[in-house]
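Chemist:
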Amino acid sequence: MDPGLGTTAAQAFPIDWNHIDEWDSDNGVAKLTAPAGASVTSLPAQDTYVVFESALRDGLPLRMLFEPANSDTLVISLHGAMNRARFTVPRFEWRRTLNRLDSARLYLSDSTLEINGSLEIGWYIGTEGQDLIAEYAAVVNQIIAAGGYSRVVCIGSSAGGYGALALSRRIPNSVAVAFSPQTTIGGYHLAHRKALASAAFPRHKSYEQVEENFGTRVNLRKLYQEMRPVNFVHFVQNTGDQFHFEAHYVPFALANGVNPDKGGYDPRRRVNFVAERYENEHAPPARGYFLAHIQQAHLNFYGRELPLRPSDPVREAELGPR
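Just so it is clear: in the sequence shown, position 277 is 289 by this note's numbering, and no numbers are missing.
Structure, rendered in structure tokens:
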């Protein structure tokens with residue numbers, strides 16, 4: 013088994029979903045805390061928030077919310093920057109929007125933000141000693157096997173798009189749908205990359221040292237150059253966001269042999285670039301636009317429609333603003 017895929021050997025403690033005895037009132041779902049070493053060999057029948065405790069001393073937990081459905085498609089949502097005055101960890105983004113999809117859904121919270129109470133963007137990096145996205149990939153691959161999912165779509169906007177691209181690279185035959193993502197943390201604003209380096213890599217004197225030692229974790233261009241291509245990408249760039257267009261989209265398109273102004277597929281037809289204006293500056297995409305591109309990517313790479321369920325305004329109102 014290729015260790016780069018983020019998979020691990022079979023664990024000794026399969027989760028028993030029949031013994032869920034907690035309720036998460038913040039998200040309105042059942043809650044289960046799994047000890048370090050637990051593995052996923054089956055899936056819950058109800059919406060469930062799962063916390064995987066870390067085996068590392070002072071390690072970050074994995075926090076995910078699973079919404080089952082009778083579908084061969086699993087959609088995985090990763091969130092972007094978090095306003096610490098408005099939101100708290102865990103953050104499960106796009107629940108209201110993705111509730112329309114006729115698919116199972118999995119939401120991953122960025123535990124990097126639990127290092128301290130001021131960090132706003134973590135890019136699912138983890139810490140020097142804990143590769144968070146690789147740990148998430150290991151559990152996600154178990155979930156895929158347990159659910160028999162044949163189509164997996166990792167989605168996110170901005171830093172969530174970064175996480176989706178990083179996660180998808182570790183999940184064979186998955187598709188990443190990323191909206192105006194950062195493609196290297198070193199190309200983002202100085203204050204945020206310094207905050208991440210200080211919080212997650214305190215033994216390093218600068219962000220530049222972090223990139224030198226952990227290049228494929230903090231730079232998706234390096235990751236996609238060095239890790240074998242097992243996934244597909246639908247990269248949607250807002251042309252109204254000049255900073256991300258120039259600093260993140262253009263270099264990533266060029267690295268994949270694509271003219272950034274024209275967009276389209278790379279020579280291997282694994283990465284599709286779409287550059288169009290959908291919002292002013294770096295605002296997240298509208299809900300309908302978000303869903304349309306997820307559906308388009310699903311059709312492009314899997315050759316099948318991903319249908320929408322009938323709208324349920326009452327239920328959607330319970331799931332947050334997005």
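No residue lacks a Cβ here, since even glycine has one placed at the ideal position from N, Cα and C.
(1) Residues bridged to Pro26 by DSSP?
(2) Rounded to whole angstroms, what's the CA-CA distance from Arg334 to Arg108? Just pull it up for me.
(3) Express the C-alpha separation of Glu140 and Ser210 in angstroms, rounding to a whole number.
(4) Please determine, among Gly168, Ser180 and Val187, the residue with the shortest C-alpha to C-alpha distance to Pro193.
(5) Per DSSP, what kind of secondary structure is Asn231 in: helix, strand or coil?
(6) Would you check if the distance between the CB atom of Leu74 and the CB atom of Leu110 is smaller than 9 Å?
(7) Where does Gln221 land, buried or exposed, given buried means 16+ other C-beta within 10 angstroms?
(8) Can you give me the Cβ contacts of Asn284 inside the same chain, cut-off strictly under 6 Å, excluding the 5 residues immediately before and after it?
(9) Between the segment 142 to 151 and the segment 125 to 133, do three or more beta carbon pairs fall short of 8 Å?
(10) Below 8 Å on the Cβ atoms is my guess for Val187 versus Ala309; work out the distance and round it to an integer in Å.
(11) Along the chain, where does the alpha helix (DSSP H) that runs through Arg346 open and close?
(12) By Cβ distance, which residues of its chain are closer than 8 Å to Leu118, with the 5 residues on each side in sequence left out?
(13) Give me the Cα-Cα distance between Gly269 and Pro279, rounded to the nearest whole angstrom.
(14) Rounded to the nearest angstrom, how far is the Cβ of His305 from that of Val248, given a contact under 8 Å?
(15) Between Trp29, Asp36 and Leu311, which has its C-alpha nearest Thr53's C-alpha?
(16) Which of helix, strand or coil does DSSP assign to Ile183?
(17) Tell me whether Ser323 is buried or exposed, calling it buried when 16 or more other Cβ atoms sit within 10 Å of its Cβ.
Modeler: Taking the structure as given:
(1) Ser51
(2) 5 Å
(3) 11 Å
(4) Gly168
(5) strand
(6) no
(7) exposed
(8) His246 and Tyr277
(9) no
(10) 5 Å
(11) Any property of residue 346 remains undetermined from this structure, which presents the chain solely from 13 to 334.
(12) Met76, Leu77, Phe78, Glu79, Leu86, Val87, Ile88, Ser89, Val152 and Ile155
(13) 7 Å
(14) 5 Å
(15) Trp29
(16) coil
(17) exposed
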